[in-house]
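Per the numbering used here, the very first residue in the sequence shown carries number -3; after that it's consecutive.
Structure record follows, encoded as structure tokens.
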Amino acid sequence: MEPMSADGPETFEDLYRELEETVRRLDAGGQPLDEAIALYERGMHLVKRCQELLDAAELRVVTLQQLFAAEQPASPDV
-3 MEPMSADGPE TFEDLYRELE ETVRRLDAGG QPLDEAIALY ERGMHLVKRC QELLDAAELR
57 VVTLQQLFAA EQPASPDV
């Protein structure tokens, strides 16, 4: 199940785009210190959410691989 935001489900792609924009803004500089810290904090939150979604996707793939392998008939020795 995907986490929900105020606008609907958070997708990895949406979060990653926002992270890229946040990094771009931080790299550009020129923000007051408080704004830069807020951007950094948001970026760290986005990294955490992206990693959680990647971890969940990896677990799902591994589970599917195990289920598929368990359904395959054993091959006879030749």
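Beta carbons are placed, not taken as given, at the ideal position from N, Cα and C, and that holds for glycine.
For residue i, name the three-state secondary structure that DSSP assigns.
i, result
"residue 70", "coil"
"residue 62", "helix"
"residue 27", "coil"
"residue 6", "coil"
I'd like to know whether the C-beta atoms of residue i and residue j end up nearer to each other than 8 Å.
i, j, result
"residue 75", "residue 15", "One cannot answer for residue 75 here, as it falls past the ends of the chain, which runs -3 to 74."
Can you grab the Cα-Cα spacing for the pair residue i / residue j, in whole Å?
i, j, result
"residue 44", "residue 64", "30 Å"
"residue 59", "residue 52", "11 Å"
"residue 26", "residue 68", "59 Å"
"residue 33", "residue 39", "10 Å"
"residue 17", "residue 66", "43 Å"
Among the candidates the options, whose CA atom is the shortest distance from the CA of residue i?
i, options, result
"residue 19", "50, 35, 70", "35"
"residue 9", "24, 47, 66, 71", "47"
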